[in-house]
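Have a look at the structure below, then the notes.
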Amino acid sequence: MAEPTAAPADGLAAGLAAEYALIYAYGVAGAEISDDGARSLAGDAEYSHRDLRDELTAYMAGIGLIPPPPEAAYTMAPMDDEGAAIAALVALEDATAVTWRTVITTTTGDDRRRALDGLSNAASRAALWRRWLGEVAGTTAFPGA
Numbered sequence: 198m199a200e201p202t203a204a205p206a207d208g209l210a211a212g213l214a215a216e217y218a219l220i221y222a223y224g225v226a227g228a229e230i231s232d233d234g235a236r237s238l239a240g241d242a243e244y245s246h247r248d249l250r251d252e253l254t255a256y257m258a259g260i261g262l263i264p265p266p267p268e269a270a271y272t273m274a275p276m277d278d279e280g281a282a283i284a285a286l287v288a289l290e291d292a293t294a295v296t297w298r299t300v301i302t303t304t305t306g307d308d309r310r311r312a313l314d315g316l317s318n319a320a321s322r323a324a325l326w327r328r329w330l331g332e333v334a335g336t337t338a339f340p341g342a
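Numbering (this note's numbering), first residue to last: 198 to 342.
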């Protein structure tokens with residue numbers, strides 16, 4: 198198996214770091230989300246991001262890379278109520294989509310597929326949360342752009 202070049206390896210590490218931040222954010226937001234439907238969406242989203250994190254760390258280790266560890270804590274937008282928590286999640290999902298879109302430009306093959314999966318997941322979650330907040334146009338024309 199060919200060794201990944203620095204750009205794809207750095208991109209995968211950046212994508213993994215974005216996933217770590219989102220997982221952390223869902224834990225913080227969970228304390229403010231009281232609506233059962235929103236709690237269910239948040240749980241599904243968190244587990245989806247955990248699955249991607251697990252896939253990435255296993256893949257990176259399998260090709261000889263050392264996956265970066267998560268930070269001990271992350272700076273988050275204030276989440277003092279349900280609306281603020283969901284708005285913060287939208288912003289973080291959007292930021293994660295931007296990260297994954299950048300990774301797409303530096304990767305090929307399976308690495309590019311992983312980046313596309315990350316972009317699609319983050320953009321879809323952001324759209325769901327926008328709809329939850331009542332935004333009519335839940336999606337953006339070019340997610341991650």
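By construction, the Cβ of each residue, glycine as well, lies at the ideal position given by its N, Cα and C atoms.
Ser-317 carries a helical assignment under DSSP once its states are collapsed to helix, strand and coil.
Using a 10 angstroms sphere on the CB of Val-300, the tally of other CB atoms reaches 16 or more, which defines it as buried. For Ile-301, the uninterrupted alpha helix (DSSP H) segment begins and ends at 279–301.
When C-beta atoms of the region 283–294 are compared with those of the region 323–330, three or more pairs fall below 8 angstroms, so the two segments count as touching.
Ile-220 sits in a helix when the DSSP states are folded into three classes. Within the same chain, Tyr-217 come within 6 angstroms of Pro-267 by CB-CB distance, once the 5 residues on both sides are set aside.
In this structure, DSSP gives Thr-254 a helical state, which the three-state scheme calls helix. Under a 10 Å Cβ-count criterion, Thr-254 is classified as buried, with 16 or more other Cβ atoms of the shown protein chains found around its own Cβ. For Leu-249, the three-state secondary structure derived from DSSP is helix. Leaving aside the five residues that flank Ile-230 on each side, the residues in its chain whose CB is nearer than 8 angstroms to its CB run, in chain order, Arg-236, Ala-239, Glu-279, Ala-282, Ile-283. Per the Cβ contact rule, the region 244–262 is in contact with the region 209–227 (3 or more Cβ pairs under 8 angstroms). Assigned with DSSP and collapsed to three states, Asp-308 falls in helix. Here Asp-308 has Pro-205 as same chain residues with Cβ atoms under 6 angstroms from its own Cβ, once five neighbours each way along the sequence are excluded. DSSP, reduced to helix, strand and coil, places Val-333 outside both helices and strands of the structure shown, so it counts as coil.
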